[in-house]
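Comments concern the structure below.
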Amino acid sequence: MCGIVGATALHPIEKTLIDGLKRLEYRGYDSAGLAVLNADHSLECLKALGKVRKLEQLLNQSGVRGNSGIAHTRWATHGIPSEKNAHPLISNDQIVLVHNGIIENHETLKQFLIEKGYAFQSETDTETIVHLLHYHFQLEKDLLLATQITVDRLKGSYALGILSIHHPNYLIAVQHGCPIVIGKGETEGENYFASDSLALIPLTKNMIYLEAGDIACITPHSINIYAANRQPIERKLNRLDLNLDLIDRGKYRHFMIKEIFEQPQAILNNFEGRIANQHILESAFSLSAKDIFKCTQHIQIIACGTSYHAAMVARYWIEALAGISCSVEVASEFRYRKTVVQPNSLFVTISQSGETADTLAALRLAKNSNFLASLTICNVPESALVRESDFHFMTRAGVEIGVASTKAFTTQLTALALFTLALGNQRDLSADISAHLVNELKKLPDAIEAVLKLNPIIIELAKSFIDKDHALFLGRGAMYPIALEGALKLKEISYIHAEGYPAGELKHGPLALVDKLMPVVVVAPNDDLLDKLKSNLQVVRARGGKLYVFTNSAAVSDPDIHIIEMPSIDPFFAPILYTVPLQLLAYHVAVLKGTDVDQPRNLAKSVTVE
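The sequence shown: position 194 = 1173 (my numbering), numbered continuously.
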């Protein structure tokens, strides 16, 4: 879940490692470290608890230099955040290793190694790997072979970066379920690897994405890749069209607010080449999508976190508009229970990163089940979900740095709206209704621009929340998942406990929490459920709850209710539009409370472990 960077060149690379870690800070972490092989072919290692800048200060004071090295930002799984648990970890001053992921059989392996005389200094599963690698190297005297034997003994999902005193200017990278990308140097004499291509953008645009089971041996002049069967293999060289402007805050204080304001353009990007003459082009999903959609009788959607909320909205849309039954489940639950696959079911995964461990595992499980086909809705073209699904639909949100997802979520919803319309076109959805909805969808970027102009109003509204410990978010129908998402955003970055509920559930428990100290945020577009929702508001009002209602209806009017007037939008697309002010609210509350908006505590951007 953290960041890995490796570099080998004909010049010092320690600053390169630090800069790479800085570009991966958005992923979330609690400690940082690096190791290099110096001119005397000795390992030098530095670690710091906290931010990369602390590691950088140590480096500047130390005089550590080397032409080959590995670096890491750690998000704690096994063992508390501490310097002794920070990566890299070293075995007998000979082999050093960084690791993303989890080793499930580390306790058994640790006991084996203790019996062989190895002493453990950390609480991590990672130390088991590096000692096991050293053990096999002592037997084989070949680092690649020792790595292959070690990997065969590991159970779990992981990525590794390895450096040894016995092999100057030689790095090994391992991909076994957690992402690793190789950066081929733009000039002769330098090559790199990382857990995320963003770390390497200033260095090279030439990327090779390792696949599960791959082991890469990297020198300044060569890149050799071996598949899980230990045979040499060629992987595709990709030229990325990315630049540093995408990972720069520009005029904005935080990445999160920058990404909130990028949503109109991100949604326009989502439309490009996918709509023609008020019609959704099914071929945007794949050349065979139209035939698959015709055969689809059930849809199973799997996702986690914010993506799960997008999936919940899609269920309302798909069943209402396309008339196809739809199930939505959290990936970590789906993969660990027995399931019944409905006939002609389309399996759909949703993920911003395309590397979410539970979602990826669910897809692999589904591919061995009787599903019609698999579709992923994703933001990263080179990700494992995209590579392993039968077909894919890219959300085109662009790089999202803030841990709390904003534009990735609204572009997921937009993609799911397009998906729903494409399904409806293969059912009984009339051409007139379809054309109307497409035209309304096209209005969405302008409507979001209008919401963004409410920013000064929402800044003032946020001041009412800074002394609160709890908040409720309410919605009905497809707005219920938006209430969940609004609550998630507030708790993620402001650390205020917040819960989302379907408004009709108030009397079944949550109403006990409502008093004059409890802010209640309500998303209330002018739709068929508004009258029902208004009665729920009166129940809150009668208990002294402070109501903050986002609505485009004049029918919601009361001097004791704080109304935030929203632009008009077709009710079908209200979930997308009403997400935006809730993002702004969470952001401004967090800013006022002084929390780390872009890197909230304990969280990581890409959840690549269970």
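Glycine included, C-beta positions come from ideal geometry on N, C-alpha and C. Treat the numbers as computed from the prediction; the structure is a model and nothing was measured.
Ala1376 beta carbon less than 7 Å from that of Asn1358: yes
Length of the line joining the Cα atoms of Phe1398 and Tyr1114: 52 Å
Within 7 Å, strictly: CB atoms of Thr1126 and Ile1151: yes
Where Met1458 falls: helix, strand or coil (DSSP): Three-state DSSP puts Met1458 in a helix.
Cβ-Cβ separation, Gly1456 to Leu1508 (assumed contact under 8 Å), whole Å: 5 Å
Nonlocal neighbours in the same chain, by C-beta distance under 7 Å from Leu1037, ignoring five residues either side: Closer than 7 Å at Cβ, skipping near neighbours: Leu1025 and Ala1027.
Helix, strand or coil at Arg1580 according to DSSP, with G and I counted as helix: coil
Limits of the unbroken alpha helix (DSSP H) element including Tyr1149: Taken as a continuous stretch (DSSP letters only), Tyr1149 belongs to no alpha helix (DSSP H), as it is neither H nor E.
Selected residue, minimal CA-CA separation from Pro1560, among Glu1251, Ile1543 and Val1576: Ile1543
Every unbroken beta strand (DSSP E) within the segment 1510-1565, with a cutoff of 3 residues, ordered by chain: Here the runs fully enclosed are 1525-1530 and 1540-1544.
Within 7 Å, strictly: CB atoms of Glu945 and Ala1401: Coverage of the chain is limited to positions 980 through 1589, which leaves residue 945 absent and any answer about it impossible.
Three CB pairs or more closer than 8 Å across the segment 1085-1101 and the segment 1165-1173: no
Distance between Glu1238 and Pro1424 (C-alpha atoms, nearest Å): So the alpha carbons of these two residues sit roughly 14 Å apart.
Status (buried if at least 16 other CB within 10 Å, exposed otherwise) for Gln1117: exposed
Bridge partners - Pro1481, DSSP secondary structure assignment: Note: Pro1481 is bridge-paired with Gly1454 in the DSSP secondary-structure output.
Distance, Glu1361 Cα to Ser1332 Cα: Their Cα atoms are separated by approximately 10 Å.
Coil, strand or helix - Met1373 by DSSP: strand
Alpha-carbon spacing of Ala1263 relative to Asn1404, whole angstroms: 14 Å
Per-residue DSSP class, three states only, for Thr1597: Nothing about residue 1597 can be reported from this structure: the residues present for the chain run from 980 to 1589 only.
Pairwise C-alpha distance: Val1130 and Cys1196: 14 Å
Nearest neighbour of Ala1268, chosen from Thr1335, Ala986, His1200 and Leu1354 [CA to CA]: Leu1354
Neighbour-count burial assignment, Phe1099, 16 or more Cβ in a 10 Å radius: exposed
Span of the beta strand (DSSP E) around Cys1305: Run containing Cys1305: Ser1304 to Val1309, per the beta strand (DSSP E) assignment.
Close beta carbons around Thr1338, own chain, < 8 Å, minus the five adjacent residues each side: Ile1281, Ala1282, Cys1283, Ser1286, Ala1310, Thr1328, Ile1329, Ser1330 and Leu1364
Three or more C-beta pairs below 8 Å linking the segment 1525-1532 and the segment 1402-1421: no
Coarse secondary structure for Ala1138, derived from DSSP in three states: strand
Where Ser1443 falls: helix, strand or coil (DSSP): coil
Where Lys1001 sits in the DSSP three-state scheme: Reduced to three states, the DSSP call for Lys1001 is helix.
Close beta carbons around Asp1577, own chain, < 7 Å, minus the five adjacent residues each side: Tyr1005, His1233, Phe1234, Met1235, Ile1380, Gly1381 and Val1382
DSSP state of Thr1390 mapped onto helix, strand, coil: helix
Pairwise C-alpha distance: Glu1478 and Leu1189: 40 Å
Gln1210 burial status per 10 Å Cβ neighbour count (16 or more: buried): exposed
Alpha-carbon to alpha-carbon, Ser1047 and Val1109: 18 Å
Three CB pairs or more closer than 8 Å across the segment 1469-1476 and the segment 1486-1493: no
Residue interval of the alpha helix (DSSP H) (run including Val1075): Here Val1075 belongs to no alpha helix (DSSP H); instead the beta strand (DSSP E) covers Ile1074 to Ile1082.
Residues that Glu1169 bridges to, as DSSP identifies them: Ala988
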